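Enquirer: Residue numbers (our numbering): 26 to 146.
For every residue, glycine included, the Cβ atom is placed at its ideal position computed from N, Cα and C.
All of these numbers come straight from a predicted model, not from anything done at the bench.
(1) Just reading off the beta strand (DSSP E) that residue 66 is part of, what are its end residues?
(2) Tell me the rounded alpha-carbon separation between residue 96 and residue 55.
(3) CA-CA distance, residue 122 and residue 115?
(4) Counting Cβ pairs, one atom from each stretch, are 3 or more of them under 8 angstroms apart for the stretch 91-106 and the stretch 39-49?
(5) If distances are taken between C-alpha atoms only, which option among 30, 71 and 64 comes closest to residue 135?
(6) DSSP three-state call for residue 100: helix, strand or coil?
(7) State the DSSP-derived secondary structure class of residue 136, mapped to helix, strand or coil.
(8) Compare the beta carbon distance of residue 129 and residue 78 with 8 angstroms and say whether it is the shorter of the two.
(9) In terms of DSSP beta bridges, what is residue 40 paired with?
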């Protein structure tokens, strides 16, 4: 194991931030993250969990500077299981640390979304 990261996000607070800053979702998420596999828009709780996953990923890497939000993407895999896909600044930081695989878990309940990310070699 290279590192582990965990993060939580208050769903209502995250939703308010998205409302106050119309371009925020575009800066944080890829088009694929903002949409469900059906093509419908994701709800605030789901986006908050994905935001927490990006924060947890950075922590699993040791919180290096210069990571771009959209260089990590939480995709929905078979059976609804989340999977991390990386590129650019995140892929470079992961390669420097010897990361070859990722494990991610997302959850949201009441007003809290959380994520755990394990970076493995």
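Expert: Taking the geometry as given:
(1) Premise fails: residue 66 is in no beta strand (DSSP E) and is neither H nor E.
(2) 9 angstroms
(3) Rounded to the nearest angstrom, the two C-alpha atoms are 11 angstroms apart.
(4) no
(5) Relative to residue 135, the option among 30, 71 and 64 whose CA is nearest is 71.
(6) DSSP places residue 100 in strand when its eight states are reduced to three.
(7) Of the three classes helix, strand and coil, the one that applies to residue 136 here is coil, per DSSP.
(8) yes
(9) Residue 40 pairs with nothing; no bridge assigned.
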